[in-house]
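Numbers 2 to 141, taken from the numbering used here, label the letters of the sequence shown in order. Each remark here refers to the structure printed beneath this line.
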Amino acid sequence: GAALAAAMLAACAPPQVAEPSELTGDWLVQQIAGASLNAEERIHFSIDAEAGTISGSTGCNDFTGIVTQFEQTVTISNVSATEMACADEAAQTNETRFLTVLPAVARFARNGAQLQLLGAGAEPDALILAREDNFATPAQ
2 GAALAAAMLA ACAPPQVAEP SELTGDWLVQ QIAGASLNAE ERIHFSIDAE AGTISGSTGC
62 NDFTGIVTQF EQTVTISNVS ATEMACADEA AQTNETRFLT VLPAVARFAR NGAQLQLLGA
122 GAEPDALILA REDNFATPAQ
């Protein structure tokens with residue numbers, strides 16, 4: 002009974018609903034609000050959409066938060082970070098920008114191995130991310 006009902010409900014679901022796996026994964030930040038990061042500036046995080054969690058590193062501090070996804074919309078809330086000093090001013094600037102943009106995320110778009118976390122408006126107040134495993138160093 003219950004399995005059949007679940008299967009029937011799933012069959013009725015509109016096809017454009019995002020699978021949780023579209024957000025779930027390990028991500029490396031490539032751009033914050035239109036500004037690219039250098040290779041040595043590593044801001045990265047993991048999203049577990051099923052559990053509703055995000056955790057990672059700003060390059061200076063570890064952070065955690067709550068991820069709520071509904072179709073193509075996503076919110077990141079309750080973000081908290083450790084309070085270690087950054088190694089330099091550039092890292093501090095990137096951390097500040099990243100932690101400012103994160104709560105402004107309202108929707109997402111997935112394009113192959115790239116994930117865009119976008120604000121409510123059309124302006125590039127977004128994060129552009131690449132799947133972390135794409136940056137694995139190839140064996141020599």
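Don't be surprised by glycine CBs; every beta carbon is placed ideally from N, CA and C.
Which residues in the same chain as residue i place their Cβ atom closer than 7 Å to its Cβ, once the five residues preceding and following it in sequence are excluded?
i, result
"Thr59", "Ile44, Ala82, Glu96, Phe99, Leu100"
"Glu133", "Asp27, Trp28, Leu29, His45"
"Gln31", "Ser37, Leu38, Ile129, Leu130, Ala131"
"Ile33", "Asn95, Arg98, Phe99, Val102, Leu128"
"Ala50", "Pro21, Leu24, Thr25, Val68, Gln70"
Report the residue from the options whose alpha carbon sits nearest the alpha carbon of residue i.
i, options, result
"Glu84", "Gly120, Asn62, Phe46, Leu103", "Asn62"
"Ala88", "Ile33, Thr25, Glu23, Glu41", "Glu41"
"Leu24", "Val102, Ile33, Gly35, Arg111", "Arg111"
"Val80", "Glu90, Thr54, Phe71, Gln70", "Thr54"
If we count the other Cβ atoms within 10 Å of its Cβ and call it buried at 16 or more, is residue i buried or exposed?
i, result
"Arg122", "The sequence as given places Gly at residue 122; Arg does not occur at that position. Its Cβ having fewer than 16 others within 10 Å, Gly122 is exposed."
"Ala52", "exposed"
Note down, in chain order, each residue of its chain lying with its Cβ closer than 8 Å to the Cβ of residue i, except the 5 sequence neighbours on either side.
i, result
"Ser56", "Phe46, Ser47, Asp63, Phe64, Thr65, Gly66"
"Gly113", "none"
With a threshold of 6 Å on Cβ separation, who are the neighbours of residue i within its own chain once the five nearest residues in sequence on each side are excluded?
i, result
"Ala92", "Gly60, Cys61"
Can you tell me the Cα-Cα spacing of residue i and residue j, whole angstroms?
i, j, result
"Ala86", "Glu72", "37 Å"
"Leu119", "Thr69", "14 Å"
"Gln117", "Glu90", "26 Å"
Nearer than 6 Å: is that true of the beta carbon of residue i relative to any heavy atom of the ligand NAP?
i, result
"Arg132", "With respect to the ligand NAP, the structure shown offers nothing to examine, as it has no ligands at all."
### Task
Determine, using beta-carbon pairs with one atom in the region 67-77 and one in the region 103-111, whether at least three such pairs fall under 8 Å.
yes
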